[in-house]
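Scroll down for the structure; my scribbles are underneath it.
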Amino acid sequence: MTSRMIGVDVGGTFTDVFVLNEAEGTASVAKVPTTRPDQSGGFLDGIRGEVQDLSEIAVVVHGTTAGTNALLERKGAKTGVICTEGLRDVLEMRRRDRPRTWGLRGDFEPVVDRRNRLEVPERTLADGTIRTPVDLDAVRAAAKALQAQGCEAVAILFANSYANTTNEDAAVTALREVWHNEHVSASSEILPEIREFERFSTTALNAYLQPEVSGYLGRLENALKAGGFDGEFMIVQSNGGVMAVDTACRLPVRTALSGPAAGVIAAGYIASSAGFENIITGDMGGTSFDVSLIAEGQSMLSPQTSIDFGMVVRNPMIEITTIGAGGGSIAWVDKGGLLNIGPESAGSNPGPVAYGLGNTRPTVTDANVVLGRIDPDNPIGGKLERLDFEAAGKAIDEHVGGPLGLSTVEAAEAILRVANSRMAGAIRLVSVERGFDPKRFAFMPFGGGGALHAGAMLAEVGIARAIVPRFPGVTSAMGCVIADMRQDFVQTINSLVGQLDEAALGDFMQDHAEQGMALLDAARTNFESRELSFELDMAYIGQTHTVSVPLNVKTQGGKVTPPTRAEIEEAFDTAYRATFGRLLQNGVRRILNLRSAVTGKRPKFDLSALAPSGDGVSEPIARRRVHFADSWHDTAIYDRLALPVGTVIKGPAILTQPDTTVLIEPNLQGRVDRFGNTIIEPMEDAS
Amino acid sequence: MSDIDPITLSVLAGRMEQIADEMDATLFRAAFNPIIAEAHDASHGLYHATSGDTLVQGKSGLPIFVGVMSFAVKAVIEKAARDGDLEDGDIYIFNDAHIGGTHLSDMRLVRPYYRDGELFCYLASVGHWHDVGGAVPGNYNPAATDVFQEAFNLPPVKLVRKGEINQDIIDILLRNTRLPQSAQGDLNGQLGALDLGVKRMDELLDEYGSDTITAALNALGHRAEALMRSELTDLPDGRWEAEDFLDNDGISDTPLKIKIALEIKGDEMTLDFTGSSPQCAGPVNIALPTTVATAYVAIKHVFPALPANAGVMRPINVIVPEGSLLAAEFPAPTGGYTETILRMIDVVFSAFAQAAPDRVVANAYGTINALSIAGKRRNGQPWVMFSFYGGGHGGSIETDGLNHGNAPISTATIPPMEILEAAYPVMFRTWALRPDSAGAGAHRGGLGAVYEIEVLEENGAEAFLFGERGRFAPKGIAGGDNAALNLFRYEQDDGWHSPPLASKMRGITLKAGQAVRLETPGGGGYGASSERAPGAVARDVARGLVSEAEADAAYGPKWRETTA
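Chains as they are written, first to last, in numbering that gives the first Met the number 0: chain A, 0 to 686; chain B, 0 to 563.
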């Protein structure tokens with residue numbers, strides 16, 4: 000019987016495994032140490048710990064940071080570029096930006112060395128006219144030169160190839176004949192969208208990742224198969240959908256935010272099951288606090304991101320806003336006497352002062368330790384025996400309390416207040432600033448530290464309640480099992496609506512639909528349903544920013560009926576009015592890009608599989624003093640996973656589980672819902 | 000003044016900054032013209048009710064506005080005092096650069112903010128409009144000899160009276176621009192940003208009360224001052240001089256001097272620009288507000304952690320000689336103010352480099368190179384391609400300079416080549432780094448760029464350039480070498496030509512198939528070139544960033560003994 004679905008998320012410290020037994024309706028989770036440098040060891044250990052016979056597994060879905068890490072650590076392959084004459088430096092010149100507004104310091108090296116960026120005669124104009132046909136002998140000579148220089152991957156980057164792919168097509172055919180491996184990326188295949196730097200950067204980073212990521216995924220797949228696995232192996236993309244492993248090997252750049260995206264997908268599903276369609280997620284790690292917003296069950300997508308300065312990836316991805324306020328963020332007082340948190344961080348190594356691994360400057364976690372909110376004798380994660388409470392207090396005195404004239408406890412409260420206000424600022428940024436009222440949202444903390452700060456977020460932002468998932472530490476692994484299969488496509492159209500070639504637009508839509516459906520057909524997964532969606536990026540002439548205009552398109556028997564010009568104009572007016580309030584008199588409407596998405600909905604599992612069993616323990620396992628606001632409170636400590644459904648715990652209280660501490664502040668209460676989530680909300684009136 | 004605890008202050012500092020940031024974001028989203036929408040040539044903030052001093056300003060707006068906005072607010076405060084009719088719900092508008100600083104393209108909106116019937120502070124919005132009339136589309140007229148040739152001049156007037164828009168003002172504005180639709184879109188965006196600011200201030204004051212917020216605003220000013228004094232105390236006392244030149248004013252070919260004496264004494268500093276050239280005929284003059292604001296921008300680059308708050312300037316004395324081009328009188332033209340303030344920043348850095356070389360970077364490329372190519376299509380439709388171009392940043396104690404960066408007074412990105420080619424009948428033959436353009440040094444400067452742009456339109460086109468650094472190169476510091484000069488050429492039937500005034504020219508006629516070529520300076524070098532690691536030189540040569548000849552000349556032959 001092959002009814003098990005497995006999600007695996009490999010993080011910096013732990014590899015999380017989520018196992019769903021569909022036949023029995025049960026689920027289990029496991030955490031094993033991440034192995035380095037080859038992560039496949041921990042990956043397989045984690046699975047084997049839960050399922051001995053790999054042939055029982057139907058699907059393995061992986062949220063991976065292999066691509067992200069290779070980009071951040073600059074550990075991709077030696078990559079070559081073959082580009083249009085006169086444009087070899089586009090990757091290095093970026094969009095003429097700088098790393099920081101003030102100070103004018105810092106430099107930049109692109110992932111492709113200038114020696115490995117070679118030009119060939121060819122030129123296409125913006126209207127698609129071929130001004131100079133590509134010189135294929137020059138392409139072959141460039142390929143030979145790049146091979147001689149040791150390049151393992153190559154990217155073809157031609158000007159205006161989004162408007163006419165002829166030159167790139169010819170070059171890529173010639174190149175694939177002579178290149179010694181399959182790692183060839185062409186810009187019109189990766190991203191047929193106007194804006195050369197963004198297209199070239201995305202394509203070059205794809206090439207840079209191909210050998211690394213496809214090698215890693217290949218090792219994993221082989222090891223799984225060697226263990227008897229005969230199911231389907233899939234990878235989470237930055238857009239929150241999954242793709243087949245061979246697609247991931249071809250388009251590794253689409254995994255850039257794979258792990259975090261899976262976490263947001265799981266958060267959305269958990270919240271929706273629990274009855275919350277509008278949530279703001281907050282993932283607190285060692286160095287950062289990552290916030291994402293889900294409205295009416297839909298997560299927000301952003302069109303591009305910078306992995307690091309100058310390393311732009313343009314692909315739809317789940318929008319995650321990051322600020323430098325994590326558990327390891329350092330608290331310091333500046334020369335003007337103002338308390339600051341971060342952006343400098345002690346990370347997880349050396350980590351907070353209390354870890355005793357060499358850092359002496361106080362962090363947010365140290366403040367939580369000093370105030371009793373984290374148990375120094377039972378640190379989460381299981382890596383350390385105990386936390387150094389005294390050292391944390393001393394560091395806070397020296398760096399914060401002394402300069403501000405505050406006691407240790409006051410200084411620790413101050414650190415949390417400023418850190419909480421920064422985290423609240425990030426929540427306001429994704430909600431209030433985009434027109435969403437946070438009062439209509441629930442806050443869902445995940446990751447190890449978020450649930451310590453949930454109460455503060457309610458108070459600071461005016462959110463009504465928080466929902467802490469039953470297993471906040473393995474959310475990304477769970478998201479792997481939940482995510483739908485999805486492929487995104489883009490094509491620059493660049494036409495006034497009045498001059499639109501409707502048939503040509505229809506051809507692009509048809510092509511996207513067929514490519515997407517073919518990928519779904521190739522998958523061995525069963526889909527509950529399939530969805531096609533089309534959007535146009537449009538604006539008035541003279542306007543810079545486009546609005547997304549969803550199209551209501553009919554398909555029948557796989558045939559797409561393209562919209563008429565009048566339908567497009569109407570759809571634009573509706574979308575524009577919703578964004579800006581009113582239309583522009585006599586404005587001329589323009590279409591920039593077509594964006595298509597093909598989604599295969601995967602069957603969802605019932606989260607009550609995770610719920611606690613009927614009988615449990617709702618008595619405290621211990622008590623300790625915890626500081627809230629301006630006084631110490633005798634606080635009950637509970638074993639969270641043992642609490643039965645329906646338990647209501649009144650604050651102040653602390654719920655502990657192996658990888659998370661949930662803090663319930665005075666005046667708040669925590670209720671265990673039928674899935675085992677903890678709902679934190681203002682205390683019900685005693686009357 | 001009521002006291003405020005330091006923790007509430009930290010919290011409120013972030014909250015108020017977020018209000019200004021959100022006003023910025025609102026305008027960037029709504030603005031029609033790409034100079035605001037993409038290049039972020041705009042700014043928003045909160046200003047003191049009686050002095051107009053900057054209290055809080057957004058982080059994403061253009062750096063130069065951080066210093067200059069308070070002058071716009073001061074101008075409105077004076078106007079309102081004269082007229083005696085300031086009321087809740089008023090909004091003033093103007094672009095007069097002699098009163099508000101920068102240039103006439105920057106449209107300033109100032110709105111008094113009332114709380115419980117009392118004036119609490121001012122909110123202001125500034126944005127660079129695409130066109131405000133004058134002789135040249137886009138308003139960079141290198142041959143202007145007064146403001147009337149540059150643009151339409153609007154002094155502070157009430158656009159909105161007690162919440163009622165005065166449509167007459169809007170009608171006048173829209174009749175005086177070549178791009179009324181763009182102007183209307185930008186104006187709506189600025190009004191929207193101010194509305195949002197009012198809403199957010201209401202919420203903040205509801206939550207904290209006006210006493211607490213007033214106390215916080217006062218405390219932030221003291222803190223900014225304390226930070227600046229503390230930074231100055233860390234530097235040695237002394238007096239350091241530096242000077243540099245502008246090529247010319249676009250009218251007569253005479254170099255113009257910018258001179259500084261920087262003096263640090265304890266926790267105070269004087270920036271004395273005595274000895275700078277007198278006011279000139281052409282548009283590289285700047286008004287006094289611009290000069291003071293630029294001093295602030297330069298200081299903030301040296302001390303990046305300083306807040307955008309007027310308290311920073313309390314320990315700083317800026318001396319600007321009367322009658323100089325740094326204190327130009329109405330109606331002197333100021334359209335090319337960017338070039339002059341970039342040179343001011345260069346001399347401040349050069350002076351600081353003598354006091355504390357590790358605190359500053361060498362000169363950046365030092366010109367925005369406003370290049371416009373315009374013409375008519377076959378169907379008679381006019382087109383104007385107007386953009387600024389990039390160059391190298393200076394080396395620092397940490398690293399080589401950044402290749403192809405934006406100007407220190409700006410955070411604007413360059414439009415993609417493909418967007419320009421799709422919008423205008425041109426083709427870029429080259430869009431590349433410019434080898435040998437950086438100043439040599441232990442840490443060399445970043446490289447400038449080469450842009451060669453061919454006209455495709457069979458009717459031909461006309462080009463004009465407003466640039467600088469054609470005669471005087473960006474300087475190195477701490478023993479580093481100077482960068483290459485800005486080099487502009489244009490193609491004619493008999494070959495390539497250079498402008499007589501080196502970096503400024505109007506009315507260049509181009510036929511289809513002819514091109515202009517702009518080669519921009521790199522940044523200056525940091526530290527003696529003899530201290531650069533031979534391996535780093537060899538790598539630059541292997542990458543083609545530095546030619547063999549230049550490497551030998553600047554660094555000697557040692558690099559040839561190493562492998563890249």
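For glycine and all other residues, C-beta sits at the position ideal for the given N, C-alpha and C.
### Query
With DSSP run on the structure shown, which of helix, strand or coil describes A:Ser686?
Per-residue confidence for A:Ser686 stands at a pLDDT of 39, beneath the threshold of 50, marking its modelled position as unreliable; the derived number appears in the next sentence. Coil.
### Task
Return the CA-CA distance between A:Glu118 and B:Phe427, expressed in angstroms with no decimal places.
Between A:Glu118 and B:Phe427, the C-alpha separation is close to 15 Å.
### Query
Taking Cβ-Cβ distances below 7 Å as the criterion, which residues of the stretch 188–207 of chain B are in contact with chain A?
Residues passing the 7 Å Cβ filter: none.
### Query
Taking contact to mean at least 3 C-beta pairs separated by less than 8 Å, is the stretch 337–354 of chain B in contact with the stretch 249–264 of chain B?
Contact holds: three or more Cβ-Cβ distances are below 8 Å.
### Query
Exposed or buried, A:Asn592, counting other C-beta atoms within 10 Å across all chains shown (16 or more means buried)?
Buried is the call here.
### Query
Comparing alpha-carbon positions, which option in A:Ala255, A:Thr131 and A:Met477 lies nearest A:Ile306?
Among A:Ala255, A:Thr131 and A:Met477, the Cα nearest to that of A:Ile306 belongs to A:Ala255.
### Query
For the candidate residues B:Leu287, B:Leu26, B:Ser229 and B:Gly466, whose alpha-carbon lies nearest to that of A:Gly335?
The option with the nearest alpha carbon to A:Gly335 is B:Ser229.
### Task
Kindly say whether A:Met92, judged by its beta-carbon, lies nearer than 8 Å to any beta-carbon of chain B.
For A:Met92, the nearest beta carbon of chain B is closer than 8 Å to its own beta carbon.
### Query
Should A:Ala685 be flagged as near chain B, meaning a C-beta pair shorter than 8 Å?
The predicted model places A:Ala685 with a pLDDT of 46, which falls under 50 and marks its position as unreliable; any figure quoted below should be read in that light. No, A:Ala685 lies away from the interface with chain B (no Cβ there is under 8 Å from its Cβ).
### Message
So that I know if they touch, is there some Cβ in chain A lying closer than 8 Å to that of B:Trp128?
### Response
For B:Trp128, the nearest beta carbon of chain A is not closer than 8 Å to its own beta carbon.
### Task
Identify, in the order they occur along the chain, each residue of the same chain with its Cβ nearer than 8 Å to the Cβ of B:Ile318, setting aside the five sequence neighbours on each side.
Apart from the 5 residues on each side of it in sequence, B:Ile318 sits with its Cβ closer than 8 Å to the Cβ of Thr269, Leu270, Asp271, Phe272 and Thr273 in its chain, given in chain order.
### Task
Could you tell me how far apart the beta carbons of A:Arg576 and A:Ile540 are, in whole angstroms, since I believe they sit closer than 8 Å?
Actually they are not in contact, since the Cβ atoms of A:Arg576 and A:Ile540 sit about 18 Å apart, beyond 8 Å.
### Classification of A:Glu151 by the beta-carbon crowding that lies within 10 angstroms, buried from 16 upward
Flag for A:Glu151 reads buried.
### Query
Ends of the alpha helix (DSSP H) at B:Asp357?
For B:Asp357, no alpha helix (DSSP H) run applies, since DSSP gives it neither H nor E.
### A:Ala503 classed as buried or exposed, judged by whether at least 16 other C-beta atoms fall within 10 angstroms
The residue in question, A:Ala503, is exposed, as its Cβ has fewer than 16 Cβ neighbours within 10 Å.
### Task
Give the secondary structure of A:Gly41 by DSSP, where H, G and I count as helix, E and B as strand, and everything else as coil.
It is helical.
### Task
Return yes when the C-beta of A:Thr560 is under 7 Å from any heavy atom of the ligand NAD, and no when it is not.
Questions concerning the ligand NAD fall outside what the structure shown contains, since it holds no ligand whatsoever.
### Query
If the cut is a Cβ gap below 9 Å, which residues of chain A does B:Val360 touch?
Those within 9 Å of B:Val360 in chain A are Gly102, Leu103 and Arg104.
### Message
Checking 8 Å against the spacing of the C-beta atoms, do B:Gly374 and B:Gly459 come in under that value?
### Response
Cβ atoms of B:Gly374 and B:Gly459: closer than 8 Å.
### Query
Which value, in whole angstroms, describes the spacing of the CA atoms of A:Pro98 and A:Ala225?
Distance from the CA atom of A:Pro98 to the CA atom of A:Ala225, rounded to whole angstroms, is 46 Å.
### Query
Just by C-beta distance, which residues in the stretch 394–421 of chain A are closer than 7 Å to chain B?
If you check each beta-carbon in the stretch 394–421 of chain A against every beta-carbon of chain B, the ones closer than 7 Å belong to Leu403, Ala413, Arg416, Val417, Ser420 and Arg421.
### Message
Against chain A, which members of the stretch 163–186 of chain B pass a CB distance test of less than 8 Å?
### Response
Going along the stretch 163–186 of chain B in chain order, one finds Leu178, Gln180, Ser181 and Gly184 with a Cβ nearer than 8 Å to chain A.
#### Entry: Interface flag, B:Gln380 vs chain A, CB-CB below 8 Å
Cβ-Cβ to chain A under 8 Å: no for B:Gln380.
### Query
For B:Asp2 and chain A, any beta-carbon pair shorter than 8 Å?
For B:Asp2, the answer is no, since every Cβ of chain A falls outside 8 Å of its Cβ.
### Message
Taking DSSP's pairing of strands, which residues face A:Thr321 in a bridge?
### Response
By DSSP's assignment, A:Thr321 forms a beta bridge with A:Asp289.
### Task
Can you give me, in chain order, the residues of the stretch 528–561 of chain B that have a beta carbon less than 8 Å from any beta carbon in chain A?
Going along the stretch 528–561 of chain B in chain order, one finds Ala541, Arg542, Gly543 and Leu544 with a Cβ nearer than 8 Å to chain A.
#### Entry: Candidates B:Gly116, B:Gly220 and B:Asp52: closest to B:Ile3 by CA position
When only C-alpha atoms are compared, the closest one is B:Gly220.
### Reference B:Gly479; option with closest CA among B:Val197, B:Lys256, B:Gly394 and B:Asn247
The shortest Cα separation from B:Gly479 among B:Val197, B:Lys256, B:Gly394 and B:Asn247 belongs to B:Gly394.
### Query
Applying a beta-carbon distance threshold of less than 7 Å, which residues of chain B neighbour A:Asp88?
Within chain B, the residues near A:Asp88 are Ala431 and Leu432.
### Task
With DSSP as the reference, label B:Ala71 as helix, strand or coil.
In this structure, DSSP gives B:Ala71 a helical state, which the three-state scheme calls helix.
### Task
Figure out for me which residue from A:Ala324, A:Glu501 and A:Gly447 has the closest Cα to the Cα of A:Ile414.
Of the candidates A:Ala324, A:Glu501 and A:Gly447, the one whose C-alpha sits nearest the C-alpha of A:Ile414 is A:Ala324.
### Same chain, Cβ closer than 8 Å to A:Arg529, five either side skipped, listed in chain order
Excluding residues within five positions, the ones whose Cβ falls inside 8 Å are Met516, Leu519, Val597, Thr598, Gly599 and Lys600.
### Query
Between A:Met283, A:Ser272 and A:Gly284, which lies nearest to A:Glu295 when the distance is taken from Cα to Cα?
Nearest in C-alpha terms to A:Glu295, of all of A:Met283, A:Ser272 and A:Gly284, is A:Ser272.
### Message
Tell me which residues share the same chain as A:His61 and place their Cβ nearer than 6 Å to its Cβ, disregarding the 5 neighbours each side in the sequence.
### Response
For A:His61, where only same-chain residues beyond five positions count, the Cβ hits under 6 Å are Val7 and Ile234.
#### Entry: Any C-beta of chain B under 8 Å from that of A:Thr543
For A:Thr543, the answer is yes, since a Cβ of chain B falls inside 8 Å of its Cβ.
### Query
Considering only the beta carbon of each residue, do A:Val480 and A:Leu403 sit closer than 8 Å?
No; because the gap between Cβ atoms is not below 8 Å, this pair is not in contact.
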